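Note that the sequence shown covers residues -16 to 261 in the working numbering. Just so it is clear, CB atoms sit at the ideal spot from N, CA and C, and this is done for glycine as well. All figures in this text were calculated on a predicted structure; none of them were measured in a lab. Report on the structure given below.
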Amino acid sequence: MDNTLNAGASVVTPALELTGIRKTFTLSDDKNAQQVLALDGVDLSIRLGEFLTIIGPSGCGKTTLLRIMASLILPDEGQVFVAGEAVTEPGIKRAMVFQTFGLFPWKTVIDNVIFPLAVRKFPAAQAREIALKQIRQVGLEKFQNAYPHQLSGGMQQRVGLARALSTGADVLLMDEPFGAIDAQTRELMQEELMRICQEEQKTVVFITHDLDEAVLLADRVLLMSRGPGKVREIIPVNMPRPRTEYDVRAHKEFVRVRGHLWQALRNDLIEQRTEETA
């Protein structure tokens, strides 16, 4: 398969590509087992340095899709390509950031950030240098020796982001990372994430349930259909960067894309409720 995108006269390999992804889960109890189709024929190509947000109805397979991108679970059919190479297991080019902070409570901030480097047998001095750089990047240098329970939720998520960045991964896979923090902190984290990813030229796939967040962050928004999950539509977001939520709310492109997404999701919700009450 030719995993390339035409870019004028040059050919660019996608940072991440999915072809024909299909995934079924078995739900069972004491009496019977039921096959549930979670994803059905997902094709997706993500450009190097792109920020792609994913939104869709609850239960449409967003998290399943992200875990397949990370090779934390494998599809029943289809393939995942990272920088043009087929992958079937986690690798150093991809890093996950979860909604739950996933920090080791017995480790300090710096030791949490060092952890993935230690697993990869980095020399201690080099690992510490890399970790300190990323801790500074997220503004937590003064808290490098603190423990997770001494930090706010927003600060803990910054540690999680620093840990993902410390791996040097080209692709960040983020599953509602700001869902558990307050609105004011979330807005600051959104701005920090956009700044860092633009400076370090990261490719980001970001799941959210928040329409404003989906449009604010994205170069493109992937809208998924109700289960079984499929790519319903991919919508470009043509707004300049850098962005802040305050600045973009009145931007006509923000209003247009948000309105389009809401209408699609609203129709899905109405159809679902109609089916449930029929």
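Distance, residue j Cα to residue i Cα
i        : j       : result
Arg263   : Asp193  : No answer is possible for residue 263: the residues shown for the chain start at -16 and end at 261.
Phe81    : His234  : 30 angstroms
Ser135   : Val(-6) : 45 angstroms
Leu115   : Trp89   : 19 angstroms
Glu182   : Leu10   : 44 angstroms
Ala(-8)  : Leu155  : Model confidence at Ala(-8) stands at a pLDDT of 47, short of 50, so the residue's coordinates are unreliable; what they give is reported in the following sentence. Their Cα atoms are separated by approximately 29 angstroms.
Pro223   : Leu20   : 38 angstroms
Ala(-10) : Gly85   : Caution applies to Ala(-10), whose pLDDT of 48 falls short of 50 and renders its modelled position unreliable; the model cannot decide the point.
Glu170   : Glu228  : 7 angstroms
Gly67    : Lys14   : 44 angstroms
Pro269   : Thr83   : Any question about residue 269 goes unanswered here, given that the chain covers just -16 to 261.
Gln18    : Lys104  : 41 angstroms
Gly137   : Gln62   : 35 angstroms
Thr260   : Leu244  : 25 angstroms
Val188   : Glu258  : 31 angstroms
Phe64    : Leu100  : 24 angstroms
Gly3     : Lys213  : 10 angstroms
Glu280   : Gln127  : With the chain covering only -16 through 261, there is no way to say anything about residue 280.
Thr(-4)  : Gly210  : 30 angstroms
Start and end residues, alpha helix (DSSP H) containing residue i
i      : result
Glu216 : Not the alpha helix (DSSP H): Glu216 falls in the beta strand (DSSP E), residues Val214 to Pro219.
Gly242 : Lys235 to Thr260
Asp230 : Glu228 to Val231
In DSSP terms, what residue i is bridged to
i      : result
Ala201 : Partner(s): none; Ala201 has no beta bridge.
Ser208 : Paired residues: none, contrary to the question.
Leu35  : Val188 and Arg203
Buried or exposed by the 16-neighbour rule on C-beta atoms within 10 Å, applied to residue i
i      : result
Ile217 : exposed
Gln120 : buried
Phe87  : exposed
Arg141 : buried
Ile113 : buried
Pro73  : exposed
Thr47  : buried
Asp12  : exposed
Ala69  : exposed
Ser149 : buried
Leu205 : buried
Gln173 : buried
Endpoints, the beta strand (DSSP E) within which residue i is located
i     : result
Arg5  : Leu(-1) to Ser11
Asp23 : Ala16 to Ile29
What are the uninterrupted segments assigned as alpha helix (DSSP H) that are 4 or more residues long and contained completely in the segment 40 to 114, given in chain order?
-> 45 to 52 and 92 to 102
What beta strand (DSSP E) runs, 3 residues minimum, are completely inside the segment 103 to 172?
-> 154 to 158
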